[in-house]
Amino acid sequence: MRQYSGIVCLTIMLLMVIARSASAQGTTTVISIQPSTLEIPSPNQVFKVNVTVQNVQNLALWQIFIEFDPNVLECQNASIPADNIFAGKAIIAPDPVIDNDAGTVLYGASVFPMVGVSGSGILCQIEFKAKVEGISQLHIVTYDEEPEKTFCTKLEDPDGERIQYEAIDGEVTIIPENILL
109 MRQYSGIVCL TIMLLMVIAR SASAQGTTTV ISIQPSTLEI PSPNQVFKVN
159 VTVQNVQNLA LWQIFIEFDP NVLECQNASI PADNIFAGKA IIAPDPVIDN
209 DAGTVLYGAS VFPMVGVSGS GILCQIEFKA KVEGISQLHI VTYDEEPEKT
259 FCTKLEDPDG ERIQYEAIDG EVTIIPENIL L
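Right, here's the structure in full:
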């Protein structure tokens, strides 16, 4: 009887481990712009958006490459807030590369030493200035759509292996100054 109950306990423990592993693998990692839609009341307003990651496992390095309409928006800065995904760890982050003629922002960071972080949080904040009324997508350029490009959005583990993710773009609408609501 003792042997039977030992086998039952072992079987239950194995099933719990398998179920936990399957549920962790079934969670999709997502990179998104937050808020996903934003209305700016008039040109010349400065605002920030967060680039966030959800459900990431073993993250050690990230790089974002965002495209926007340079006729509508001007990127002023990209920074890593104190409450970022790597909070409490040493971070290596070169200065952002902002090209307001092409409408792109390239930014990234890694932890030192290279250890993996799991969970959800903010990667960075991007500050824009509304130039004129109009609509601009904030497009997350992925490796899958631009595999030949050096610059794309990527997540990597401590071994340099890519972490697969789903990207969710954002959209900014600059409302004409003289519209009455």
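For the sequence shown, my numbering assigns the number 109 to the initial residue and increments by one for each residue that follows. Note that beta-carbon positions come from the ideal geometry of N, C-alpha and C, so glycine has one too.
Worksheet entry | Buried or exposed (CB count within 10 angstroms, at least 16 for buried), residue 173 | buried
Worksheet item: The beta strand (DSSP E) with residue 228 in it runs from where to where?
Response: 225-238
Worksheet item: Which residue or residues does DSSP assign as beta-bridge partners of residue 215?
Response: 172
Worksheet item: What is the rounded straight-line gap between the Cα of residue 162 and the Cα of residue 198?
Response: 21 Å
Worksheet entry | Reference residue 175; option with closest CA among 239, 202 and 277 | 277
Discussion item. Are the CB atoms of residue 166 and residue 266 within a distance shorter than 9 Å?
Written reply: yes
Worksheet item: Can you tell me whether DSSP reads residue 278 as helix, strand or coil?
Response: strand
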